[in-house]
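Numbering (my numbering), first residue to last: 24 to 437. Reviewing the structure listed below.
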């Protein structure tokens with residue numbers, strides 16, 4: 024019917040990539056109601072209130088035997104809808120769910136589905152429909168008098184529906200394995216007391232009385248697991264033994280990091296002594312986060328530098344990371360000046376002249392390589408991390424500072 028005749032979006036292949044695998048792997052699946060356009064000329068409704076019932080040999084209407092007025096008032100709205108579908112009905116909301124169900128119980132899209140499942144190592148899911156054929160689904164029928172109303176219903180549903188936020192997803196997910204490990208560690212007050220974890224949003228305000236956010240802790244946990252070949256499908260619920268393995272690994276690595284970096288060790292110890300038994304917030308952390316803090320720890324209390332530092336540590340501790348031992352790695356980190364006041368060694372590379380942190384995967388990678396360069400030195404960096412990364416780091420340094428043929432300086436230390 025052309026672009027002006029449509030009443031919903033085109034079908035997206037995501038139903039095969041996301042929804043059908045969900046149906047085939049999860050016994051506790053759940054769908055919202057399907058919203059279906061109903062042609063009132065092809066259906067009839069009979070109220071249960073008008074149905075005859077036998078009361079001691081006498082027939083009477085069901086509603087005549089109802090004494091409760093509030094029930095009697097609404098009984099005519101409950102009954103039986105008989106639909107003579109002539110192909111006039113269409114799904115206003117739920118077409119992807121319907122296509123996913125069809126793919127799970129029929130041979131439609133079988134080749135495409137097989138390819139999707141093979142990529143995830145889940146071809147065995149094709150051996151059964153996982154009981155989908157016996158599922159019951161709820162349907163809401165809507166009688167729309169015009170195409171305009173149909174379209175309005177669809178746009179209203181998808182405009183005002185609020186998807187679950189990342190913050191809530193991390194705290195509530197029972198499927199994403201990395202989120203589950205994050206939840207479990209936070210409940211155990213590891214790697215530090217959960218009151219030092221900011222959970223109100225996925226970003227960390229400068230005034231927050233916290234070391235990092237639950238969101239960034241979950242990112243750290245994922246990076247640790249992946250670096251140690253624990254790679255999970257985030258949409259597939261992991262068995263308890265997998266979660267336990269990831270939890271033990273994350274607990275070990277994060278415990279080491281937060282107990283060997285002076286800035287974090289200071290906060291954790293001060294909190295344990297002065298705040299653990301009270302309800303007061305450890306507001307002193309916000310002071311340590313300031314760009315001109317006298318301890319020169321500022322950036323260590325911002326999430327992106329935390330992620331870059333973690334990646335650098337994971338690399339240095341890997342088989343490809345050189346021959347530095349744990350003590351050498353953490354001594355080098357503790358010697359770096361992490362302050363970011365105007366004119367700092369991070370200006371333009373990671374921080375704007377106004378003191379705002381830059382964001383994005385490129386900045387994360389850049390800061391990780393800066394840390395590795397400062398810890399390893401030029402020769403080792405070239406040999407271990409690579410000449411290409413060395414050249415890119417120096418090109419970035421020259422570009423953002425409007426220089427020519429200069430090398431990134433060694434780290435400013437305390």
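Idealized CB from N, CA, C, for every residue including glycine. These figures come from a predicted structure and were not determined experimentally.
Any idea if residue 230 is buried or exposed, counting beta-carbon neighbours within 10 angstroms, 16 or more meaning buried? Looking at its Cβ environment, which holds fewer than 16 other Cβ atoms inside 10 Å, residue 230 is exposed.
Taking a contact to mean a Cβ-Cβ separation below 8 Å, would you say residue 327 touches residue 387 in this structure? With contacts defined as CB atoms closer than 8 Å, residue 327 and residue 387 qualify as a contacting pair.
Endpoints, the alpha helix (DSSP H) within which residue 44 is located: From DSSP, the alpha helix (DSSP H) with residue 44 extends over 43–48.
Provide the residue span of the alpha helix (DSSP H) that contains residue 328, from first to last. Per DSSP, residue 328 is one residue of the alpha helix (DSSP H) stretching across 326–340.
Which of helix, strand or coil DSSP assigns to residue 234: For residue 234, the three-state secondary structure derived from DSSP is coil.
What residue range is occupied by the uninterrupted beta strand (DSSP E) comprising residue 165? Here the beta strand (DSSP E) through residue 165 covers 162–165.
Just to confirm, is the Cβ distance from residue 399 to residue 361 under 8 Å? No, they are not a contact pair.
Among the residues of its own chain, which have a CB less than 7 Å from the CB of residue 225, if the five just before and after it don't count? Excluding residues within five positions, the ones whose Cβ falls inside 7 Å are 189, 190, 236 and 238.
Is residue 256 near the ligand HEM, in the sense that its beta carbon is under 7 Å from a heavy atom of that ligand? With respect to the ligand HEM, the structure shown offers nothing to examine, as it has no ligands at all.
Going along the chain, which unbroken runs of the alpha helix (DSSP H) with 4 or more residues stay wholly within the stretch 271–314? The DSSP assignment places 285–297 and 307–312 as complete runs of the alpha helix (DSSP H) inside the stretch 271–314, in order along the chain (cut-off: 4 residues).
If the criterion is Cβ atoms closer than 8 Å, does the pair residue 201 and residue 245 meet it? Yes; because the gap between Cβ atoms is below 8 Å, this pair is in contact.
Beta-carbon spacing of residue 161, residue 56 below 8 Å: Taking 8 Å as the Cβ cut-off, residue 161 and residue 56 qualify as a contacting pair.
Return the first residue and the last residue of the beta strand (DSSP E) that residue 444 is part of. This structure cannot speak to residue 444, because the chain is shown only from 24 to 437.
Ordered list of beta strand (DSSP E) runs contained in the stretch 124–169, each at least 3 residues: Runs of the beta strand (DSSP E) inside the stretch 124–169: 162–165.
Count the CB pairs spanning the stretch 298–313 and the stretch 350–360 that are closer than 8 Å, and state whether there are at least three. The stretch 298–313 is not in contact with the stretch 350–360.
CB of residue 428 within 8 Å of CB of residue 353, strictly: No, the Cβ-Cβ distance between residue 428 and residue 353 is not below 8 Å.
My output table needs one value for residue 58: the three-state DSSP class, helix, strand or coil. DSSP, read as helix, strand or coil, puts residue 58 in strand.
Can you have a look at residue 44 and say buried or exposed, based on whether 16 or more other CB atoms are within 10 angstroms of its CB? Classification of residue 44: buried, given that the 10 Å Cβ count is 16 or more.
For the 8 Å Cβ check, are there 3 or more pairs between the stretch 363–380 and the stretch 415–423? Proximity of the stretch 363–380 to the stretch 415–423 meets the contact definition, three or more beta-carbon pairs being nearer than 8 Å.
For residue 325, does the count of other Cβ atoms within 10 angstroms reach 16, so buried, or fall short, so exposed? Flag for residue 325 reads buried.
Supposed contact pair residue 213 and residue 234 - C-beta distance, whole angstroms, cut 8 Å: About 13 Å separates the CB atoms of residue 234 and residue 213; that is not less than 8 Å, and the two are not in contact.
Nearest CA to the CA of residue 139: which residue from 256, 303 and 402? Taking residue 139 as reference, the option from 256, 303 and 402 with the minimal CA-CA separation is 256.
Measuring only the C-alpha atoms, how far is residue 127 from residue 119? Each residue's Cα considered, the two are about 12 Å apart.
In this structure, does DSSP put residue 93 in helix, strand or coil? Correct three-state label for residue 93: helix.
Opening and closing residue of the beta strand (DSSP E) in which residue 4 lies: Past the boundaries of the shown model lies residue 4; the chain is included only from 24 to 437, so the question cannot be answered.
Who are the near neighbours of residue 341 in its chain, counting only those whose CB is closer than 8 Å to its CB and skipping five residues on each side? Only 250 meet the Cβ criterion.
Using 8 Å as the cut-off, can you tell me whether the stretch 32–51 makes contact with the stretch 82–98, which would need three or more C-beta pairs spanning the two stretches below that distance? Cβ pair count under 8 Å is below three, so no.
Report buried or exposed for residue 184, applying the criterion of at least 16 other Cβ atoms within 10 angstroms of its Cβ. Exposed.
Starting from residue 200, trace the alpha helix (DSSP H) both ways and give me its first and last residue. DSSP places residue 200 in the uninterrupted alpha helix (DSSP H) bounded by 200–210.
Give the straight-line distance between the Cα atoms of residue 267 and residue 59, rounded to the nearest whole angstrom. Their Cα atoms are separated by approximately 44 Å.
Anyone know if the C-beta pair for residue 258 and residue 198 falls short of 8 Å? A Cβ-Cβ contact shorter than 8 Å links residue 258 with residue 198.
Below 8 Å between beta carbons: does that hold for residue 65 and residue 108? In this structure, residue 108 lies closer than 8 Å to residue 65 by Cβ.
Could you tell me how far apart the beta carbons of residue 330 and residue 243 are, in whole angstroms, since I believe they sit closer than 8 Å? Cβ-Cβ separation between residue 330 and residue 243: approximately 7 Å, consistent with a contact (criterion under 8 Å).
C-beta contact flag for residue 247 and residue 343 at 8 Å: No.
Taking DSSP's pairing of strands, which residues face residue 104 in a bridge? Residue pairing by DSSP puts residue 104 in a beta bridge opposite 68.
Could you compute how far the alpha carbon of residue 33 sits from the alpha carbon of residue 150? Their Cα atoms are separated by approximately 30 Å.
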